[in-house]
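Trainee:
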Amino acid sequence: DGGITQSPKYLFRKEGQNVTLSCEQNLNHDAMYWYRQDPGQGLRLIYYSQIVNDFQKGDIAEGYSVSREKKESFPLTVTSAQKNPTAFYLCASSIDTRALGNTIYFGEGSWLTVV
Amino acid sequence: KQEVTQIPAALSVPEGENLVLNCSFTDSAIYNLQWFRQDPGKGLTSLLLIQSSQREQTSGRLNASLDKSSGRSTLYIAASQPGDSATYLCAGISNFGNEKLTFGTGTRLTIIP
Numbered sequence: 102d103g104g105i106t107q108s109p110k111y112l113f114r115k116e117g118q119n120v121t122l123s124c125e126q127n128l129n130h131d132a133m134y135w136y137r138q139d140p141g142q143g144l145r146l147i148y149y150s151q152i153v154n155d156f157q158k159g160d161i162a163e164g165y166s167v168s169r170e171k172k173e174s175f176p177l178t179v180t181s182a183q184k185n186p187t188a189f190y191l192c193a194s195s196i197d198t199r200a201l202g203n204t205i206y207f208g209e210g211s212w213l214t215v216v
Numbered sequence: 562k563q564e565v566t567q568i569p570a571a572l573s574v575p576e577g578e579n580l581v582l583n584c585s586f587t588d589s590a591i592y593n594l595q596w597f598r599q600d601p602g603k604g605l606t607s608l609l610l611i612q613s614s615q616r617e618q619t620s621g622r623l624n625a626s627l628d629k630s631s632g633r634s635t636l637y638i639a640a641s642q643p644g645d646s647a648t649y650l651c652a653g654i655s656n657f658g659n660e661k662l663t664f665g666t667g668t669r670l671t672i673i674p
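Here the protein sequences line up with chains A and B, keeping their order.
Each residue of the first sequence is one higher than the last, beginning at 102 in this note's numbering.
Each residue of the second sequence is one higher than the last, beginning at 562 in this note's numbering.
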């Protein structure tokens, strides 16, 4: 089945550690996104990528990094510079970023907790 | 900058009732608006996408409308069922600027059997 796979589902990070969340899609979509969801705040855009080897900062990029070496993969690294990383992280994809009549598809999410 | 608001934050209705969820946006130059469903601890599932040239879209018991002049969209759910219990989020893209989705904070819907 086509879709977006995020892993791991649950991840615990110690203070000062970097962690990487995986996102893979087999929908042949050009555009991929990472969102962060906190209670009562809706989804906020961290980074997005329109095409391989290109990515742009979203609204809350500080403390995060991404790469887009392959069309199907868009991993997110939460660095030690991110002071409040505990959240639910959602990866998404669409045919292109303009979403001109294009639905955006989401993965099942990853829970990150700082311990 | 586009801002999207959903009120109320939570809603409970008895099974079988028809209900309306509200979504307000500040930028009338909206390109399209989508409604999503999110179950607890899960990702989002797209329900309906309305282009700016359309006034409504229907899928089964769901009907979404878009009124750009008033800055409002509504999601109508007919004959509600317990399985409809979830959080419903709307998100819009503006015509100008970065063309990225701006999400509302969602309405948590509970259907009481």
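For every residue, glycine included, the Cβ atom is placed at its ideal position computed from N, Cα and C.
Under 9 angstroms between C-beta atoms, does A/Leu177 make it to chain B?
Mentor: no
Trainee: I'd like the list of long-range same chain contacts for A/Ile205, defined as Cβ closer than 6 angstroms, with 5 residues on each side in sequence excluded.
Mentor: Ala193 and Ser195
Trainee: Pairing CB atoms from the segment 118 to 137 of chain A with CB atoms from the segment 172 to 180 of chain A, are three or more of them under 8 angstroms?
Mentor: In the pairwise beta carbon analysis, the segment 118 to 137 of chain A is classified as touching the segment 172 to 180 of chain A: at least three pairs are separated by under 8 angstroms.
Trainee: Within 10 angstroms of its Cβ, does A/Asn127 collect 16 or more other Cβ (buried), or is it exposed?
Mentor: exposed
Trainee: In the DSSP assignment, the beta strand (DSSP E) including B/Asn593 goes from what residue to what residue?
Mentor: Ile591 to Gln599
Trainee: So who's on the other strand from A/Val215, going by DSSP bridges?
Mentor: Paired residues: A/Arg114.
Trainee: Between A/Leu122 and the rest of its own chain, which residues show a CB-CB distance below 6 angstroms, the 5 nearest in sequence each way excluded?
Mentor: Its chain contains Leu177, Tyr190 and Ser211 as the residues whose beta carbon lies nearer than 6 angstroms to that of A/Leu122, once the 5 sequence neighbours on both sides are disregarded; these appear in chain order.
Trainee: With distance defined between alpha-carbon atoms, name the residue in B/Gly604, B/Cys651, B/Thr566 and B/Ala640 nearest to B/Gly580.
Mentor: A small fix is needed here, since residue 580 of chain B is Leu in this sequence, not Gly. Taking B/Leu580 as reference, the option from B/Gly604, B/Cys651, B/Thr566 and B/Ala640 with the minimal CA-CA separation is B/Ala640.
Trainee: Taking all protein chains shown into account, decide if A/Tyr148 is buried (16 or more other Cβ within 10 angstroms of its Cβ) or exposed.
Mentor: buried
Trainee: Are the beta-carbon atoms belonging to B/Leu594 and B/Leu610 less than 9 angstroms from one another?
Mentor: yes
Trainee: Between the Cα of A/Val215 and those of A/Thr106, A/Ile161 and A/Asn119, spot the shortest distance and give me the residue it belongs to.
Mentor: If you compare the alpha carbons of A/Thr106, A/Ile161 and A/Asn119 with that of A/Val215, the shortest gap goes to A/Asn119.
Trainee: Can you give me the start and stop residues for the beta strand (DSSP E) that B/Glu617 sits inside?
Mentor: Glu617 to Ser620
Trainee: Rounded to a whole number of angstroms, what is the C-alpha to C-alpha distance between B/Pro643 and A/Asn154?
Mentor: 45 angstroms
Trainee: Could you name the residues of chain B that A/Leu146 contacts, counting a contact when the two beta carbons are closer than 7 angstroms?
Mentor: Lys661
Trainee: State the start and end residues of the unbroken beta strand (DSSP E) segment that holds A/Ser150.
Mentor: Looking at the DSSP string, the run of the beta strand (DSSP E) that includes A/Ser150 is Leu144 to Ile152.
Trainee: Just reading off the beta strand (DSSP E) that B/Gln642 is part of, what are its end residues?
Mentor: Taken as a continuous stretch (DSSP letters only), B/Gln642 belongs to no beta strand (DSSP E), as it is neither H nor E.
Trainee: I'd like the list of long-range same chain contacts for A/Gln157, defined as Cβ closer than 8 angstroms, with 5 residues on each side in sequence excluded.
Mentor: Tyr148, Tyr149, Ser150 and Gln151
Trainee: Could you tell me which residues DSSP puts in a beta bridge with A/Ser168?
Mentor: Bridge partners of A/Ser168: none, in fact.
Trainee: Which residues, in order along the segment 149 to 179 of chain A, keep a beta-carbon less than 8 angstroms from a beta-carbon of chain B?
Mentor: Tyr149 and Gly159
Trainee: So B/Gly604 and A/Glu209 are supposed to be a Cβ contact under 8 angstroms. How far apart are they, rounded?
Mentor: 5 angstroms
Trainee: Which residue's Cα is closest to the Cα of B/Phe586: B/Gln563, B/Arg669, B/Ala647 and B/Ile638?
Mentor: B/Gln563
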